[in-house]
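Trainee: Pasting a structure here, questions to come.
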Amino acid sequence: MSERDAGQRFAVVVAKPRTQAVIDALQEEGVYDADRSVRPWDDDSVAIPVTDPPQSVDVREVVRQVGEPRLRGLADHLRERGWTDDELDAAPSSWAVVGSVVLVKPGDSPRPEEVGEALLDLHGEADTVLARGGIDGAHREPDVTFLAGEGDTETVHTEHGTKYALDLAEVMFSPGNEAERVRMGEVVEDGESVLDMFAGIGYFTLPMARAGASVTAVERNPTAFRYLVENAMLNGVSERVTPYRADCRDVIREGLAEGEVDRVVMGYYEAHEYLDSALSALSPGGVVHMHEATPEDLVFERPISRLEAAAADADRATEVLDTRRVKGYSEGVAHVVADARVE
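Printed below as a string of structure tokens:
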């Protein structure tokens, strides 16, 4: 006790790619010290602050540190750099850590590079900060700009045990979709046959395959497809993932029997345009999960009506099982999901 009173504090050393997973586990055990920063330890590991040595979390070693309580937020770090209150009002209020990369929208910040440097101070597990723009083109490619750090845009992000390797300058990753990715791994049943029509790097495919489903995963972006295949191997589910680099409509028409799959995932904002193909692959009593960017005044009326109309065109009946807001898409528009059973 005397050592800790004198400034001695505990930290656990872990490999850098495990940082977020270990923080989650330490929070679950109740020993994560939120008053101090994660700090670099050596070239490939970090020291995560804890209030006491953990009992149930696998770590490389427990060490003692001497240090002051960390600055609590981005504003504190920017204020140390001389930012005025007016400048702080223009600083970003949110950002996301994806693996070793911080994604942020600097907005009207007067000195974006200083925002990046402050975010690196705030998140010791990160080594690169990118300014995040929009998603463009048929392949849904991100628009990002380097702000600070090493500039390495390729990383491995771990989320509830699922590992996503990706290059954030080449393929999109939406941190706001985390709950939906986790949920898909929970609703699927062991042994189910699933079609993921817009698989990307495996956003939904991987948690479903880890839960025991057999997933036909279709992605036409060649870079995202490469990561989809790599991620299936990284997560040990290659035997349960059948990947296609193609248009999903072609795969359904040429590679799947009618009514072959138990579940269809449509993780694309214009997914309703593909409903006829999705329903042709879905078995009677199967479930479809349709994503959509919907104006607020049409949530959830529009996606439900589109599902019901497509089913009626196929002489099939629908039962809406659930509707969810995933996140905001743009001003006045929400990213929503509608789940329906189709007989």
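Just so you know, we're using our numbering here: the sequence shown kicks off at 52 and counts up by one.
Built from N, CA and C at the ideal position, the CB exists for glycine as well.
Quantities reported herein were computed from a predicted structural model and do not represent experimental measurements.
1) Are P105 and V97 touching if we call contact CB-CB under 8 Å?
2) For W146, list the residues DSSP reports as bridge partners.
3) With a threshold of 16 other CB atoms inside 10 Å of the CB of E394, please say whether the residue is buried or exposed.
4) Please confirm whether V152 and T204 have their CB atoms less than 8 Å apart.
5) Roughly how far, in whole angstroms, is the beta-carbon of K214 from the beta-carbon of N272, given that I think they are within contact range, below 8 Å?
6) Tell me which same chain residues have a C-beta within less than 7 Å of the C-beta of R183, skipping the five on either side of it?
7) Whose CA, out of L129, A147, G150, lies closest to the CA of D140?
8) Return the chain-ordered ranges of every alpha helix (DSSP H) run that is complete within the segment 231 to 270 and spans a minimum of 4 residues.
9) Given A344, which residues of its chain have a CB within under 7 Å of its CB, disregarding the five upstream and five downstream residues?
10) Would T274 and L246 be called neighbours here (beta carbons separated by less than 8 Å)?
11) If distances are taken between C-alpha atoms only, which option among G150, E131, R60, P258 comes closest to R416?
12) Is it buried or exposed for M52, if we count other Cβ within 10 angstroms and need 16 for buried?
13) How would you write the range of the alpha helix (DSSP H) that H174 sits in, first residue to last?
14) Looking only at DSSP bridge pairs, what is T369 linked to?
15) Spatial neighbours of E54 within its chain, please: CB distance less than 8 Å, with the 5 preceding and 5 following residues excluded, ordered by chain position.
16) Kindly indicate which residue of K378, G202, I74, A76 has the alpha-carbon position closest to the one of E229.
17) Which residue marks the beginning of the beta strand (DSSP E) containing D194, and which one marks its end?
18) Under 8 Å, do V280 and A260 count as touching if we go by C-beta distance?
19) In whole angstroms, what is the alpha-carbon distance linking A262 and E311?
20) Would you call M284 buried or exposed, if buried means 16 or more other Cβ atoms sit within 10 Å of its Cβ?
21) If we ignore side chains and look at the alpha-carbon of each, how far apart do R375 and L358 end up?
22) Below 8 Å between beta carbons: does that hold for V101 and V89?
Mentor: So, from the listed chains and residues:
1) no
2) V155
3) A residue is called buried once 16 or more other Cβ atoms fall within 10 Å of its Cβ, and E394, having fewer, is exposed.
4) yes
5) With a Cβ gap of about 20 Å, K214 and N272 do not count as contacting.
6) L154, V155, K156, V195
7) L129
8) 256 to 261
9) Y320, Y380, V384, H386
10) Their beta carbons are not under 8 Å apart, which means T274 does not touch L246 by this criterion.
11) Within the shown structure, residues of the chain are numbered from 52 to 394, placing residue 416 beyond reach of any answer.
12) With a pLDDT of only 33 at M52, under 50, the local geometry of the prediction cannot be trusted, and no value is derived from it.
13) Counting along the chain, H174 sits inside no alpha helix (DSSP H), nor does DSSP assign it H or E at all.
14) V393
15) Confidence at E54 is low in this model, with a pLDDT of 39, below 50, so the placement of that residue should be treated as unreliable; the coordinate-derived value is given next. Closer than 8 Å at Cβ, skipping near neighbours: R115.
16) The candidate whose alpha carbon is nearest that of E229 is K378.
17) 192 to 200
18) no
19) Taken atom to atom, the span from the alpha-carbon of A262 to that of E311 is near 20 Å.
20) By the 16-neighbour rule on beta-carbons within 10 angstroms, M284 is exposed.
21) 15 Å
22) no
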